[in-house]
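Residue numbers (my numbering): 142 to 433.
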């Protein structure tokens, strides 16, 4: 080897770090990455255990109350937020609208709260009360708004008993199944089913959250038992203050078409009703009908 080559090799050897030093650096880097990874895993596991335990339940429920501006209140909650949650009572209080649900079972996605959404996979309740109250000292009238402060999505819901009050009017429906989505702009119920001994009602509807509260939907009735030969279909339109209903149906051989205007916030809920019927046999009605 020439003197020049020997000099170049010596310079490379002086510049290059010893192999032992490179190994130490690589080992330290590996341990640093491993330590950071373990730290992240421990942190995620800790947060998961906290949220999934009853200890973390009050904190998350406080965040839900905060996101809804205090309108949603939860009492008697127990279980895990990451699986099944049982609640003694849920209360939603708006300006003129109150919803109370009792004996509730919820399966939901807490992570959806990060994007301002309350998402429920499954919801069951023994009873739900809906009350739309009139303004104090005034006759029943429409609320100013039905908008929600965040998006609420319920994929599947079932209610054993549903009681509603609109001003001075009230009613009850039992055995309801439906899906729901609501936000600041609109409310929509889908795949609604109401089953009872004499038949089944199904349909869907949407309602705008701002005046004049545009309404649209469809309803179908299929009779069973004593009403096995009865069926009807109807469409819903108009606005909440004046609901337009148009439908057709049959009862045995009889056929009918009907149009109605409903005014739920007026003194008379039924404003107009027009019915065209054909093939109606009055003899088919029993004696109880004529005595009414």
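Idealized CB from N, CA, C, for every residue including glycine.
Remember, it's a predicted structure, so these values are computed and weren't measured experimentally.
The shortest C-alpha to C-alpha distance from residue 361 to any of 386, 382 and 379 is the one to 386. Annotated three-state conformation of residue 207 is helix, per DSSP. Membership of residue 310 in the beta strand (DSSP E) is indicated by the continuous run 310-323. Within the same chain, and ignoring the five residues on either side of residue 242 in sequence, the residues whose Cβ sits closer than 6 Å to its Cβ are 231, 266 and 269. Taking the CA atoms as reference points, residue 415 sits about 44 Å from residue 247. The region 251-259 and the region 197-213 touch, with three or more beta-carbon pairs separated by less than 8 Å. Collapsing the DSSP output to three states places residue 198 in a helix. Taking 8 Å as the upper bound for CB-CB distance, residue 379 and residue 371 are not in contact here, some 26 Å apart. Where residue 375 is concerned, the enclosing beta strand (DSSP E) starts and stops at 371-380. In the three-state DSSP reduction, residue 366 falls in the helix class (H, G or I). Under the three-state reduction of DSSP, residue 256 is assigned to helix. If the five residues before and after residue 287 are omitted, its C-beta is found closer than 6 Å to the C-beta atoms of 350, all from its own chain and listed in chain order. Around the C-beta of residue 298, 16 or more other C-beta atoms lie within 10 Å, and the residue is accordingly described as buried.
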